[in-house]
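As structure tokens, the structure follows; a few thoughts come after it.
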Amino acid sequence: MAKHPTPLLDQLESGPWPSFVSDLKHAAEVRHKNPKGIELQIPEDVIDDLLGLLEMSYTDGTTHWKHGGIVGVFGYGGGVIGRYCDQPERFPGVAHFHTVRVAQPSGLFYKADYMEELCDLWDFRGSGLTNMHGSTGDIIWLGTTTPQLEEIFYELTHKHNQDLGGSGSNLRTPACCIGMSRCEFACIDAQHMCHTLTNEYQDMLHRPQFPYKFKFKFDGCPNGCVASIARSDFSVIGTWKDDIKIDQAAVKAYVGGEIPSNGGAHAGRDWGKFDIQKEVIDLCPTKCMSYEGGKLSIDTKNCYRCMHCINVMPKALRVGDERGASILVGAKAPILDGAQMSSLLVPFIPAEDPYDEIKEVIENIWDWWMEEGKNRERLGETLKRLGFQKVLEVTGIPPMAQHVKEPRTNPYIFWKEDEVPGGWSRDINEYRKLHQR
Amino acid sequence: MAKHPTPLLDQLESGPWPSFVSDLKHAAEVRHKNPKGIELQIPEDVIDDLLGLLEMSYTDGTTHWKHGGIVGVFGYGGGVIGRYCDQPERFPGVAHFHTVRVAQPSGLFYKADYMEELCDLWDFRGSGLTNMHGSTGDIIWLGTTTPQLEEIFYELTHKHNQDLGGSGSNLRTPACCIGMSRCEFACIDAQHMCHTLTNEYQDMLHRPQFPYKFKFKFDGCPNGCVASIARSDFSVIGTWKDDIKIDQAAVKAYVGGEIPSNGGAHAGRDWGKFDIQKEVIDLCPTKCMSYEGGKLSIDTKNCYRCMHCINVMPKALRVGDERGASILVGAKAPILDGAQMSSLLVPFIPAEDPYDEIKEVIENIWDWWMEEGKNRERLGETLKRLGFQKVLEVTGIPPMAQHVKEPRTNPYIFWKEDEVPGGWSRDINEYRKLHQR
Amino acid sequence: MAFVSSGYNPAKPMENRISDIGPRFFKEFLPPVLEKNYGKWVSHEILEPGLLVHEAESGDKVYTVRVGSARLVSTEYIREACAIAKQYCDGYLRWTTRNNIEFMTPSLETAKALKADLNSRKFDKGSFKFPVGGTGASVSNIVHTQGWVHCHTPATDASGTVKIIMDELFDDFTNMRMPAIVRVAVACCLNMCGACHCSDVAVVGYHRKPPLIDHEYLDNLCEIPLAIASCPTGALKPGKTDLPDGRKVNTILVNNERCMYCGNCYTMCPAMPLASGEGDGIVLMVGGKVSNRISMPKFSKVVVAYIPNEPPRWPTLTKMVKHIVEVYAANAQKYERLGEWAERIGWEKFFELCDLEFTHHCIDDFRDPAYYTWRQSTQFKFTKHIEA
Amino acid sequence: MAFVSSGYNPAKPMENRISDIGPRFFKEFLPPVLEKNYGKWVSHEILEPGLLVHEAESGDKVYTVRVGSARLVSTEYIREACAIAKQYCDGYLRWTTRNNIEFMTPSLETAKALKADLNSRKFDKGSFKFPVGGTGASVSNIVHTQGWVHCHTPATDASGTVKIIMDELFDDFTNMRMPAIVRVAVACCLNMCGACHCSDVAVVGYHRKPPLIDHEYLDNLCEIPLAIASCPTGALKPGKTDLPDGRKVNTILVNNERCMYCGNCYTMCPAMPLASGEGDGIVLMVGGKVSNRISMPKFSKVVVAYIPNEPPRWPTLTKMVKHIVEVYAANAQKYERLGEWAERIGWEKFFELCDLEFTHHCIDDFRDPAYYTWRQSTQFKFTKHIEA
Ligand code: SRM
Ligand code: SRM
Ligand code: SRM
Ligand code: SRM
Ligand code: SF4
Ligand code: SF4
Ligand code: SF4
Ligand code: SF4
Ligand code: SF4
Ligand code: SF4
Ligand code: SF4
Ligand code: SF4
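Note that the protein sequences, when read in sequence, are chains A, B, C and D. Each residue of the first sequence is one higher than the one before, counting from 1454 in the numbering used here. Each residue of the second sequence is one higher than the one before, counting from 1454 in the numbering used here. Each residue of the third sequence is one higher than the one before, counting from 21 in the numbering used here. Each residue of the fourth sequence is one higher than the one before, counting from 21 in the numbering used here.
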């Protein structure tokens, strides 16, 4: 018998999609049975009480978690989100229900053994509930009590060689796509870069020194599988400079219908015979391709490297060899001034270990943002407030037409005093000599 | 011999384009000769002094007109722009140099006799210099003295049945394209509407009662030959609802090259044989056309009425029969908050004499803008400040997807108190029953 | 039960302290075939829904089976996934950036057996544990957030809405009949931790009532100036109020007319809750994308300003999402993302085809950029909205 | 000379006053063939540059000859046009919305004779009086403003810049080899009376120095609070200053760093002039359009932030305008307006093809909408700017 009846939540057990309610109920049961005889460090009822509390939310349509709560581990300004419920008498198991953010490995690969070690720790010292993964990328452990936080951290670092992730006005846990591990499109080593920069900037990740949060994300190519352009203050995206490599025989095979288009991604419907003109040439955003006499050509200097043609014919087309990254900056969610996507700052930058060129850009931006950013102002907001020009100045990047989709439509142009002959100081009497009052 | 040497201006006499300097010099000469023996009411040297003053500007790179000056005719709050030069000793002929704005007839048609009468009056009581026409549309008479203003007005109204145009925080002189007088594309009678509304709102035109200036402009069709969408607070543009009328035989004649494309507008270069697919079908912004088996078809419900196909084949395609107007609002130049083009308010409205439906829209907008608009705030700025929703409310126009190019990307949605069950007033104690502190 | 120390000494927190070691190095965890061919992949193919093959320069192949997962998962569930990984994949597994789990093996045969096994595992009430799918032109898993399970600011639940939407769209998770990928995201408040702002379909919880002020405690709990400064619309000002017991306290006054319910003030001050069972609900946004493919990334747009919270199964929400996805599937061209389709046909046509009411709430009125979303043209299509 | 009264009695201004009669009714002035076929036109054709024929349902035709004109014209010039109208066109004529003059006749023969006559008339220093052209895919006349001829706020001249640009582009006024119509506008200050903001080529005069304060007179001449409120960037504040003679006066202080030289303050207060021979000049904007043809109307974009005033013939300006028009003519497709072309190839390509330097001034930093002009994508073309 469940501790709290959950008639509403029970309705989430039907339907094909994996039911978190079924999972939680099962986990609660196992927790009570405790077959491994774990010396549970937080209430045995934690999951039951979570379900009960959630049922209450499902009934009255509001959350029952109290506002914030500052808890954490010594010396770190992040990695733990404090949480207390507003019905501790009825649901004592979740009176404290803090989150621990565990830093994930680049690309979210795991060995089962290691995962199981982590599960053991979390069953022992926490609720056993997790998010795989948090939206930023961390392994999220949901629900433990304040006294367990240091214990968990100690075990993680001492036994599992494993650190916490970010929260607060810190560098947040960087994330990347699967990249070179398994993707033929990767133009940069997103996973390695992510790992390297995460380690390089551990201090920024654990100790708040920024105006607000700051996120890195690394996409291996413009397909954007980690959505860096939408959700990171600093988005690094692989790209290339030279020709797309074309295997003309394979192109013919696509045209002949021997290879399924787009790696078979559209196999669920009959879209008719593959039509290279309609499906590739005409959809190219710059119309820089042509297919004539059985030969595909691409006018590289007009190519946007949008990936479309390569995505459609991955066995015929390959990204170029002169690879590097584009850097875009400033993405963020809507609070406060409306959402932003990242804006192109560096069209092309080398991206080889140890990534010095990229670090230089990062550090220049941080120095400036830490100086000029207001409290709770994301980089994108600082950019909007002070102008894109400013970030060019502090990074020493010359303005380029690539920085804009279009030049300004208003002529409200600021000049620096030294750009205008004579500067700002003028003499009204001189002026009046030519212009009577 | 010229009164003032003008070595710089003289360099504007060469080159093929009509030289205003040559014209002015010639006019100055005629003025001195005064063959008709006119009793000149303002200085004979007015043009010479203007040229001298202008030469001074060409030398020092600044204007020599003083700031503003409030002059006008009794009972009118506009129609005259006061102007004084800042070098009255050197150039006494232009010490006063006020502008008179004479209301132009719709479509800028004139009888020569009438024009000559006006010239006589202006030679007699002014400088004889004009702008044909001002950017808003008026006949602009450049340069007279304060005492002449009432005299000019008296003669205009008594002898020439002619009123002044607008300036100040008034309705400005409305303007229109040539429309039905000579254009086969006219969907509305732009000229008649312009004339009718100008007369209807004479009071608004002459007596300042608005927060700022307000401009009407009337384009017969979406080609926009009077640029109403760019330069009027209230832009009326002809359009239609039903099918574009197609003369299939004439289409064939275009395809066969028998009729020059676009009314011969491209005859100055050899663009090759007319290609209906490339030049019409593929350029249609909605791709709602097709040309198959020698037959042109248009899917009306997807047509944007952009005019392109009609412009290219004016002898084969005609605008539809169910005609009316779209109304767009809020255009203005960049000062203060950046330029605006007009935004679509009424997708389709009947536009037949006496234009009652349109007047209703105008008056609803004015009532609201006069109430809510700040001093020196153009309608477009009020719209931006208070939201497009407001103008829908006051005009009683239901919100439609046509009002936007795209729906909002931010979820910062305002609700009216009565739209939300329970409204704004809530009881913290009730809340605390469910949510402990 | 008894407290068990990890070895940590609270009296000397720095003793033996290890910190700043970061995450584990990912290469430790790479399946051997991936490590061997790192950076040397040449192509891929989706053999069946949820089953991918990647081929390396060396000729090596790796087969990947992708499965959906609730994201809010227990260690029991993770252990089961680990056991599967051990049985079929030498003990390696990974998660995708959208909360799916991937099992990889160099053998097609193993992959097929694995797929069958995964699809056979169910929870006791019948839902799949590891449904195979989410590849290619499908509706993949939903990126989402905490909701009522853990957060203090939600206006809706996340795990529940995800469950019911995925139930509704399940066939399209296991199938690849969409014109292009369809990315759904759920965020339970305007903070949008799910980064909904660039999703094909974005389900966003939001409040619709101004904050409720707990005058009695406000001055103790909050820094009044900070809370006031946090309001983006300037709806707050300092004030005083009389409590029922006669005490006069400093507090914050809300200009309800200017409030847009963003919750920024509540983030700064717990004495200003916004949550309301009758006010809160969902705004539906569509047409965003992240990839740079063909068109540039796009923001999602508000197409339904309000859908009530109807737990546990949010029938109005699921119906609307399903309907939009179906209309999109029926009308868009191959490769065309939802937003690209809507832009091609025009948003007025989108509303018509999807049978959505266009309300004043869909018109942007937030700051100066709003102007650029209005229509500065006579170009529009006549739809049934105009008759209205 | 002696004052001649019109009949107006200054002592009794309302005596016999006629007001609010509006403009003359346009139908009085319509050539008979237009009046007869009013609203019944069926098609048109441009027979030669500057010579149009329109055909009515009735079968009637009217031939129109269009000529360029300086707009700033004397009564002498108008009288000459009237005489021509009387000679060839029964005494009717009109102006176009772009300051051209049109002569209409139902006879082709007359029209041809008229055209020859018009083209033969010149000013004594050789410039045409009535150059025929401005139709079809040509560079038509320049819409413009007052400049140094009459206005108090200009940063450049209008009549002069128009003259030199039209001299430079003259062949394209009389010729129709452009890909589409090319509309040039000149405005002498940011008030942009010429509605430059939507022109293919927009030449805009602007100041580049903050206002110069005439402290001695400011408080007498201006309402200080109004002037301060007029500044869109908040660059002004009230203050006091000591005059050389020791008097302390109320005045306005300018935060030069925040000033964008818009001149709004000067419009409100004559004691704050901005004009400066060394600071003032021209900003060149391109790519705007007004028509709804194919693409929606577009704003012009800043492509050259500053061109010095070089009266009398502004050689740098003319060279740049000419160059851009030539590059456009050589590269755009038939029917493609300048802005449509630039958008199709991408603005980075436009700068490359036109050999223009891209400076920080071209990046928008005015208010929130600026963000939307930056590039939120990895889509861009490599141009020589990137090597830089
Ligand atoms: C006479 C005039 C109307 C008037 O009331 O005075 C006029 C007359 C015609 N316009 Fe216009 N337009 C006139 C100003 C305009 C303007 C306004 C402006 O330039 O300030 C525009 C909008 C310009 C813009 O988009 O920036 C304008 C955009 C058009 C278009 C759209 C062209 C395009 O490619 O976007 C057409 C259609 C066409 O050219 O095929 C058009 C078509 C026409 C037609 C063919 C209409 C007709 O069937 O008679 C007329 C002859 C065009 C020609 O000269 O080739 N008219 N036309 C104006 C002549 C101005 C001049 O002297 O140069
Ligand atoms: C596994 C994963 C990367 C990872 O590190 O985990 C991944 C893997 C692949 N992506 Fe992706 N993408 C993954 C998230 C994304 C995301 C991010 C997101 O959805 O949050 C995007 C951006 C989505 C957006 O634009 O809103 C993304 C946009 C693409 C695209 C562009 C598709 C488009 O039409 O815009 C491609 C190209 C394609 O599909 O042909 C692509 C292509 C691929 C390929 C084919 C790359 C390759 O050669 O291996 C992989 C298989 C795709 C498939 O399943 O059909 N991947 N891909 C992610 C799987 C998520 C999932 O479980 O569903
Ligand atoms: C756990 C997580 C949601 C999830 O279920 O996955 C989360 C949860 C919270 N986020 Fe978030 N954010 C999470 C990823 C994101 C993302 C996505 C991302 O990083 O890619 C975003 C959008 C991208 C961005 O950074 O803009 C995001 C944008 C926000 C914002 C809005 C920030 C902004 O500048 O617009 C807030 C509000 C704030 O910071 O005050 C916020 C605030 C919060 C807080 C701390 C609530 C608050 O107001 O203080 C939430 C704590 C919930 C809890 O009780 O655990 N969270 N948050 C994600 C972190 C897990 C992880 O570490 O992996
Ligand atoms: C004469 C004329 C220019 C010309 O050479 O043709 C003109 C001249 C002046 N305009 Fe204008 N405007 C003229 C048409 C326009 C137009 C075009 C139009 O109406 O189509 C515009 C752009 C459209 C618009 O209304 O936004 C225009 C936008 C302005 C502005 C900016 C208003 C704004 O809201 O952005 C100002 C500044 C102001 O009002 O303070 C302005 C102010 C002025 C003032 C009164 C100068 C001032 O700061 O007080 C100029 C007087 C010049 C003089 O000495 O004669 N003028 N002005 C045009 C009126 C002639 C006529 O009646 O036909
Ligand atoms: S972003 Fe590019 S490199 Fe990375 S996984 Fe996606 S397709 Fe591959
Ligand atoms: S990558 Fe994109 S822009 Fe480049 S050729 Fe292929 S489709 Fe065209
Ligand atoms: S706007 Fe239309 S109706 Fe008016 S003149 Fe131009 S083409 Fe003709
Ligand atoms: S008017 Fe424009 S949208 Fe309509 S069919 Fe013609 S080209 Fe297409
Ligand atoms: S979206 Fe809002 S409610 Fe949901 S987890 Fe993020 S902060 Fe909390
Ligand atoms: S909810 Fe947002 S808008 Fe409303 S008072 Fe709070 S901060 Fe201001
Ligand atoms: S643009 Fe400026 S300077 Fe020129 S006439 Fe208009 S207000 Fe005067
Ligand atoms: S010129 Fe414009 S920005 Fe500068 S002080 Fe004056 S009003 Fe302000």
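We treat Cβ as the ideally placed atom computed from N, Cα and C, and that holds for glycine. Values in this document were obtained by computation on a predicted structure and should not be read as measured data.
For C/Thr-398, the residues of chain D that pass the 7 Å Cβ criterion are Asn-312, in the order they occur in the chain.
Relative to the non-hydrogen atoms of ligand 9, the Cβ of C/Gly-167 comes within a distance shorter than 7 Å of at least one. Below 8 Å, enough C-beta pairs join the stretch 1635–1647 of chain B and the stretch 1771–1778 of chain B to call them touching: three or more. Comparing C-alpha distances from C/Val-163 to each of A/Tyr-1607, A/Asn-1584, A/Ile-1605, A/Pro-1600 shows the shortest one belongs to A/Asn-1584. In this structure, D/Leu-210 sits away from D/Glu-236, with a CB-CB distance that is not shorter than 8 Å. Excluding sequence positions up to five before and after D/Ala-175, its CB lies within less than 6 Å of the CB of Cys-209, Gly-225, Tyr-226, His-227, Asp-300, all in the same chain and listed in chain order.
Here B/Cys-1629 is bridged, per DSSP, to B/Phe-1671.
Here C/Cys-213 is not bridged, per DSSP, to any residue.
Within chain B, Asn-1863, Pro-1864, Tyr-1865 have C-beta atoms less than 8 Å from the C-beta of A/Pro-1787, given in sequence order.
Not one heavy atom of ligand 12 sits closer than 7 Å to the Cβ of C/Gly-283. The beta-carbon distance between C/Phe-378 and B/Ala-1854, rounded to whole angstroms, is 4 Å. This is short enough to meet the 8 Å contact definition. In the displayed model, A/Cys-1647 falls within a helix according to three-state DSSP. Residue side-chain check: D/Ser-160 places its Cβ nearer than 7 Å to a non-hydrogen atom of ligand 1.
Scanning its chain for C-beta atoms nearer than 8 Å, with the 5 sequence neighbours on each side dropped, one finds around D/Glu-330 the residues Thr-336, Leu-337, in chain order. Counting along the chain, the unbroken beta strand (DSSP E) around C/His-74 starts and ends at 71–76. Exclusion of the five residues before and after A/Thr-1552 leaves Val-1533, Ile-1534, Arg-1536, Ile-1593, Trp-1594, Leu-1595 as the residues of its chain whose Cβ lies within less than 7 Å of its Cβ. Ranked by how close their Cα comes to the Cα of D/His-217, the residues D/Glu-68, D/Ile-66, D/Ile-244, D/Val-306 have D/Val-306 in first place.
Residue pairing of D/Asn-120 in beta bridges, as defined by DSSP: absent, with no partner found.
In this structure, the CA atom of C/Leu-67 is about 7 Å from the CA atom of A/Gly-1717. Secondary structure remark: continuous alpha helix (DSSP H) runs of at least 4 residues inside the stretch 1592–1621 of chain B, in chain order: 1599–1613.
In the three-state DSSP reduction, C/Asn-57 falls in the coil class, being neither helix nor strand. In this structure, DSSP gives D/Thr-261 an extended state, which the three-state scheme calls strand. Taking the Cβ atoms as the reference, B/Ile-1495 lies roughly 6 Å from B/Gly-1579, within the contact range of under 8 Å. Two segments are said to touch when three or more pairs of C-beta atoms, one from each, lie closer than 8 Å; by this definition the stretch 1817–1827 of chain A does not touch the stretch 1870–1888 of chain A. For C/Glu-372, no CB of chain A lies under 8 Å from its own CB, so it is not counted at the interface with that chain. The Cβ-Cβ distance between B/Lys-1612 and D/Phe-49 does not fall below 8 Å.
Contact note: C/Pro-252 does not reach chain D at a C-beta cutoff of 8 Å; the least C-beta distance is about 12 Å.
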